[in-house]
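Everything below concerns the one structure shown next.
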Amino acid sequence: MAAISSNIMSETPTVLQNPLVEINHLAFGWGKKVIYDDISLTIPRGKVTAIMGPSGIGKTTLLKLIGAQLTPDKGEVLFDGLNMHTLSRTELYQVRKRMSMLFQSGALFTDMNVFDNVAFALREHSSLPESIIRSIVLMKLQAVGLRGAAFMMPSELSGGMQRRAALARAIALEPEMVLYDEPFAGQDPISMGMLVKLIRELSDSLKLTSVVVSHDVKEVLGIADYVYVIANKKVIAEGTPEQLRASDNPQLIQFIQGAPDGPVPFHYPAADYQQELLSESN
Amino acid sequence: MLTRKIELLVGLFLLSGVLAFCVLVFNVANVKVDTKDNHYTLVAEFNNIGGLKVRAPVKVGGVVVGRVADITLDDRKLVPIVTLTMDKRYDHFPETSSLSILTSGLLGEQFIGLTPGFVDDDIEMLGNGDRVEDTRGALILEDLIGQLLYSMSSKDK
Amino acid sequence: MSPINLIAAIGRYAIELVSSYGKAGLMLWRAIAHIPNPKKGVPLVIKQMYVLGVRSMVIILVSGLFIGMVLALQGYNILVDFGTEDSLGPMVALSLLRELGPVVTALLFAGRAGSALTAEIGLMKSTEQLSSLEMMAIDPLRQIIAPRFWAGVISMPLLAMMFSLVGIFGGHLVGVEWKGIDTGAFWSILQASIEWREDIVNCLIKSTVFGVVVTWIALYRGYEVQPNPEGISRATTSTVVQASLAVLALDFLLTALMFGN
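Chains as they are written, first to last, in our numbering: chain A, 25 to 306; chain B, 6 to 162; chain C, 2 to 262.
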């Protein structure tokens with residue numbers, strides 16, 4: 025444990041022993057629009073790794089690339105040494121059983137209640153008897169504090185409760201890794217606090233590897249063990265929260281402090297203001 | 006998950022679909038479950054069958070007693086051969102009976118009219134596979150008009 | 002626009018068209034080309050048959066009744082001039098079994114069930130439920146698309162049968178009960194003129210083909226939707242338009258093959 029934490033403290037994450045996910049020289053674009061240009065990062069086992077960046081840079085896309093829902097233009101994603109994008113369909117599905125994803129919208133199945141949502145993957149992938157499935161589901165719901173809401177439909181839940189129910193579903197199969205897509209977006213302070221606590225607790229108690237994609241600086245710096253900051257198609261900074269706070273990179277300072285103007289300009293690139301106002305509108 | 010109500014309704018839906026199919030087949034298309042037992046076949050040779058179709062009825066005095074089962078052309082004589090499926094309930098037609106192709110109404114469908122012949126001691130009844138010798142083919146409107154014009158022109162002379 | 006650009010635009014359009022056919026074919030192939038697990042698959046299909054079939058029954062039955070009645074009334078007015086009102090039965094029954102049954106059922110099905118399918122799958126996509134299945138190592142094509150496809154294909158011929166039968170009953174109501182055609186004449190001429198292989202089996206074939214096409218288009222439009230409200234509403238509309246056009250065009254083709262000689 026001490027060895028790993030000292031590694032995290034150092035500036036070279038690539039020397040980490042046997043990371044769970046390695047992303048090497050990844051490039052991806054939607055048509056002609058380049059989203060990522062040569063990104064490399066490593067996600068260590070049993071830690072909370074955060075990927076931050078301003079909105080609109082395709083953080084969700086990165087998670088989909090890790091889950092092999094999208095295929096990169098260049099580069100590779102290794103999950104426990106397996107290249108996700110060259111696996112056959114059956115192999116890929118085997119690997120996906122070891123990970124799960126918490127979607128921004130929760131993505132609960134709207135036609136079944138919370139209990140069945142959580143039980144869904146168990147029923148599909150295991151041949152456990154219904155009584156055992158019931159106990160597992162109730163345990164997972166207890167962990168997220170929603171055992172009382174087991175037989176409510178997703179539409180009856182508040183946004184925060186939906187996300188917690190989705191979290192219970194995500195951990196139902198006891199995955200090795202959970203990918204969190206913007207878990208804090210649009211949450212009130214109370215449910216935000218609950219989610220922060222849950223992610224941290226799950227990571228510590230189940231030895232889960234967590235990947236949190238977010239732009240909520242305060243919460244992320246509060247729970248992450250290691251942080252990557254992505255902007256302009258590249259990783260612009262990485263390190264532990266303390267290192268990032270101490271950084272003197274102006275782009276990073278603007279992002280962390282939430283300054284309206286800085287290296288990322290307030291104005292979208294445009295022609296000169298005065299000139300455009302005075303020019304004839306043809 | 007499936008509720009009892011959904012299962013019941015889907016079952017009902019499937020049954021009513023199949024039922025509709027059965028009603029259409031057996032009631033609207035009037036398909037009878039045929040077995041060889043209640044039918045016998047007759048064969049007849051016509052010089053011209055006009056617009057006769059397979060499944061056209063065979064009638065005696067307006068009562069349907071059978072249907073046309075098959076229409077083929079005799080290879081050597083080059084005349085139409087019509088096979089009839091007759092109802093076993095009506096199996097007392099003498100050999101001397103005759104068949105003619107008639108039309109229902111002025112423009113209606115064509116059917117076969119069976120005219121029962123006389124019965125005598127040495128006349129047998131028609132049985133399975135028998136051939137009816139006395140046949141009259143369809144009246145062809147064009148031929149009739151041709152004959153009419155011919156007879157009119159011959160009168161004029 | 003210069004001629005070169007025009008040619009390029011035509012080419013681009015053609016490539017997009019062909020590739021969308023390819024994608025639609027691939028989607029269906031990947032959804033249904035596997036041995037299903039009956040224990041998990043059958044309940045899913047039953048549930049979708051409830052959504053697609055049972056819920057379309059009311060509109061199908063009511064429309065069938067009215068179309069049969071209108072057909073009989075209009076037919077009677079024409080036939081009575083020739084003194085051949087007894088032929089009303091075959092006229093109504095043949096129109097329904099050969100054309101209106103399969104076609105109108107398919108059009109109503111496209112409007113009632115097809116649009117709902119597209120919207121449902123589009124919504125599942127935009128709320129990331131499909132992605133979520135994918136990440137749970139469950140193929141959304143098999144879990145979501147395949148049961149809906151089979152349910153649509155099974156439901157359509159059943160609905161067409163019900164439509165035709167109710168339509169004939171509607172014809173009976175108008176012809177016999179209202180206009181006073183003799184019941185015996187109506188039914189015997191009707192029965193004499195309907196050939197079950199020619200008319201009823203062809204009705205089944207047509208409606209099954211329409212079932213495949215309408216369900217397929219609806220599923221593909223939903224699956225390939227732009228995941229936002231505007232995209233879903235556009236996809237729903239295009240499902241109805243494309244499915245209806247496909248049904249009408251295919252109907253001509255099938256009719257030519259079956260009755261064209």
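Think of the CB as a built atom: it goes at the ideal place given N, C-alpha and C, for glycine as much as any other residue.
- Under the DSSP assignment, A:Asp228 falls in the alpha helix (DSSP H) whose first and last residues are Pro213 to Leu230.
- Within the segment 41-109 of chain C, no run of beta strand (DSSP E) reaches 3 residues while sitting entirely inside it.
- When the alpha-carbon of C:Ala94 is set against those of C:Gly65, C:Ser245, C:Glu121 and C:Ile11, the nearest one is in C:Gly65.
- When the Cα atoms are used, A:Pro289 and C:Leu108 turn out to be separated by approximately 54 Å.
- In the DSSP annotation of this structure, B:Tyr95 is not part of any beta strand (DSSP E), being labelled neither H nor E.
- The straight-line gap separating the alpha-carbon atoms of C:Met50 and C:Gly153 is approximately 7 Å.
- When CB distances to chain A are screened at a threshold of 8 Å, not a single residue of the segment 195-216 of chain C falls below it.
- Using a Cβ-Cβ cut-off of 8 Å, C:Glu17 does not count as an interface residue toward chain A, since no Cβ of chain A sits closer than that to its own.
- Neighbourhood of B:Leu131 in chain C, by CB distance below 9 Å: empty, with the nearest CB roughly 24 Å away.
- The alpha carbon of C:Pro91 has as its nearest neighbour, out of B:Ser105, B:Leu83, B:Gly132 and B:Asn35, the alpha carbon of B:Asn35.
- Interface criterion not met: the Cβ of A:Lys257 is under 8 Å from no Cβ in chain C.
- Here the alpha carbon of A:Gly183 sits roughly 11 Å from the alpha carbon of A:Ala190.
- In this structure the segment 85-93 of chain B touches the segment 48-68 of chain B; the number of beta carbon pairs closer than 8 Å is three or more.
- Collapsing the DSSP output to three states places A:Asn107 in a strand.
- In the three-state scheme derived from DSSP, where H, G and I count as helix and E and B as strand, B:Asn52 is classed as coil.
- Per the C-alpha coordinates, the member of A:Arg120, A:Asp97, A:Met177 and A:Arg113 positioned closest to A:Phe103 is A:Arg120.
- A:Ile75 sits away from A:Lys88, with the two beta carbons spaced by 8 Å or more.
- Around the CB of C:Asn203, 16 or more other CB atoms lie within 10 Å, so the residue is classed as buried.
- Of all residues in the segment 46-68 of chain C, those with a C-beta nearer than 7 Å to a C-beta of chain B are Ile47, Lys48, Met50, Tyr51, Gly54, Val55 and Met58, reading in chain order.
- According to DSSP, B:Arg136 shares a beta bridge with B:Val48.
- For C:Met125, the enclosing alpha helix (DSSP H) has its first and last residue at Ser116 to Ser127.
- When C-alpha distances from A:His239 are compared across A:Gly80, A:Glu46, A:Leu44 and A:Val45, the shortest belongs to A:Gly80.
- Two segments are said to touch when three or more pairs of C-beta atoms, one from each, lie closer than 8 Å; by this definition the segment 8-28 of chain B does not touch the segment 185-197 of chain C.
- Under the DSSP definition of a beta bridge, A:Asn48 partners with A:Glu100.
- Look at B:Thr120 here: in three-state DSSP terms it is strand.
- Assignment of A:Ile254 by DSSP, reduced to helix, strand and coil, places it in the strand class.
- A buried status is given to C:Thr119, since no fewer than 16 other beta-carbon atoms sit within 10 Å of its beta-carbon.
- Taking a contact as a CB-CB distance under 8 Å, the pair A:Gly169 and A:Met125 does not count as one, their CB atoms being some 21 Å apart.
- Partner residues in the beta bridge of B:Pro85, as assigned by DSSP, are B:Leu78.
- Counting of Cβ neighbours within 10 angstroms places C:Met136 among the buried residues, the total reaching 16 or more.
- The CB of B:Gly122 never comes closer than 8 Å to any CB in chain C; the least such distance is about 27 Å.
- Neighbours of C:Ile139 in chain A, taken as residues whose beta carbon is under 7 Å from its own, are Glu148 in chain order.
- For A:Gln93, the nearest CB of chain C lies under 8 Å from its own CB, placing it at the interface with that chain.
- DSSP, read as helix, strand or coil, puts A:Thr73 in strand.
- Residues of the segment 106-119 of chain C with a Cβ closer than 7 Å to any Cβ of chain B: none.
- Counting along the chain, C:Met136 sits inside the alpha helix (DSSP H) bounded by residues Gln130 to Met136.
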